[in-house]
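Please read the structure below before turning to the comments.
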Amino acid sequence: MNAQETSLTLKEAFKGKFLIGTAMNAYQIMGKDTAATNIIKKQFNAIVAENCMKSERIHPREDKFDFSLADKFVQFGTDNNLVVTGHTLIWHSQAPDWFFVDDAGKMVSKETLIARMKNHIQTIVTRYKGKIKGWDVVNEAINDDGTYRSSKFYQIIGEDYIKLAFQFAREADPDAELYYNDYSMSIPAKRNGVVAMVKKLQKQGITIDAIGMQSHLGLDNPDIKDFEASLEAFSSLECKVMITEMDISILPFPDKNAGAEVTKSFEYKQQMDPYRESVPDSVTTAFEQRYLSFFKLFEKHKKAVTRVTLWGVTDANSWKNNWPVPGRKDYPLLFSRNYAPKPIVDKIIKQTLSE
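Using full-length UniProt numbering, you'd call the opening residue of the sequence shown number 1 and step up by one each time.
Below, the structure written as structure tokens:
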């Protein structure tokens, strides 16, 4: 490996294979964390907003949209020639209470919620038409057992809320790509549930351009063979596959069934936070091997995989420091707390160059 090769950035190394992206938080979008935005501009060619486009932020009241931060996020992408993904239009979590109730606090009718969904989706998608390549239209609609999540959208409208969300987004921007995004996608029952949902939507004339496989991984969970089985199952639906929200936690997990369920929370215990001072070499080695194994898998399926997105820039701003155990110190990303690339970055680049 010569010096010129090892000086390549991530986006240069994966050119012609798939996009390599990251999530941006509010501080980065507002320009208050220039060290992180410098990394983004140098290393990545795709971005997604971590929180500012979720409905409770962008649509806090029925008669009020707040585009201030989302506009800055999209402009940052435009200014720096980055592929922008909108995240997320319809999600049961981080949704404002008003969405589902009337002035008296009672559950709204099916017709009212559909009208609110349409206004929400089409106002946002229309605003960024031509600037956002694709949207996570529906997020986390399927349970781990393959059944539909009993969210308020599902309770009021039924499973048709998913079809309607894709229809409304397609009407607002016919040229945008539309995605379904979910976690724990390697679980066989969940895989089968998503496949059945997508097939049903396709029979109803709905096009889903890609399925996003949230990849909040641990050192030993999920099994990479199960992950690959899901990747293959989704790509067989004539959908592209996107690896979304990727991070690899090195910490013990109090409940492996939590997936990425944001409502889960466990009491802080010191034994669940073992690496506050330093990370043993053996753990670092396992962490690196895990990243390398998954990136090798993504390259194996590069005809199906169009984007790999890390869920954050540095360990300092990773959500895994506070979920599912608040206050822990985790090291799940490619850049350290002092904004330096970890050795794994160079190893990933060398691996892809040798493929």
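Each residue gets a CB set at the ideal place from its N, CA and C atoms; glycine is no exception.
Keep in mind the model is a prediction, meaning the values are calculated, not measured.
Taking the alpha carbon of D145 as the reference point, which residue from V108, L113, Q167 and M185 has its own alpha carbon closest? M185
Can you name the residues that DSSP bridges to Q214? T244
For my contact list, I47 and I39 are in at a C-beta cut-off of 8 Å; report their separation, rounded to the angstrom. Rounded, the Cβ-Cβ distance is 12 Å, inconsistent with contact.
Compare the C-alpha of T147 against each of P188, P252, M24 and I121 and name the closest. P188
Please list the segments of the beta strand (DSSP E) lying wholly inside the segment 75-104, counting only runs of 3 or more residues, in order along the chain. 83-91
In or out: S230 buried (at least 16 other Cβ within 10 Å) or exposed? buried
Can a CB atom of chain B be found closer than 7 Å to the CB of D79? Among the chains of the structure shown, chain B does not appear; only one protein chain is present.
Of all the options V83, K163, D173 and L178, which has the alpha carbon lying nearest to the alpha carbon of K200? K163
N192 by DSSP, collapsed to three states: which one? helix
Return helix, strand or coil for P174, following the three-state DSSP convention. coil
Rounding to the nearest angstrom, what Cα-Cα distance links A286 and K15 in this structure? 27 Å
Buried or exposed: where does P324 fall if 16 or more other Cβ atoms within 10 Å of its Cβ makes it buried? buried
Can you give me the C-alpha to C-alpha distance between K300 and F99, rounded to a whole angstrom? 42 Å
Run the CB neighbour count on P332, radius 10 Å, all protein chains shown included, and call it buried at 16 or more, exposed below. buried
Since N45 and L19 are thought to touch, with beta carbons under 8 Å apart, how far apart are those beta carbons, to the nearest angstrom? 6 Å
Identified DSSP bridge partners for Y180: V138 and I211
Go through its chain and collect everything with a Cβ distance to K129's Cβ below 6 Å, but skip five positions before and after it. D173
Residue interval of the beta strand (DSSP E) (run including R307): V305 to L310
Starting from the C-beta of F166, find all residues in its chain whose C-beta is less than 6 Å away, skip the five residues before and the five after it, and write them out in chain order. V137, L178 and I206
Output the boundary residues of the alpha helix (DSSP H) element that contains I250. Per DSSP, I250 belongs to no alpha helix (DSSP H) and is neither H nor E.
Between the alpha carbons of P280 and N317, how many angstroms are there, rounded? 22 Å
What is the rounded straight-line gap between the Cα of K131 and the Cα of L334? 28 Å
Note down the Cα distance separating R149 from S235, rounded to an integer number of angstroms. 23 Å
Compute the distance between the beta-carbons of A210 and M246, then report whether it is under 7 Å. no
If we call anything under 7 Å between Cβ atoms a contact, is A85 one with G31? Correcting the residue type first, residue 85 is Thr in the shown sequence and not Ala. Cβ distance not < 7 Å, so T85 and G31 don't count as in contact.
What's the C-alpha gap between L113 and Q155? 11 Å
Beta-carbon proximity of K11 to K302, cut-off 7 Å: no
Which same chain residues, not among the five before or five after G193, have their C-beta less than 6 Å away from its C-beta? I142 and G146
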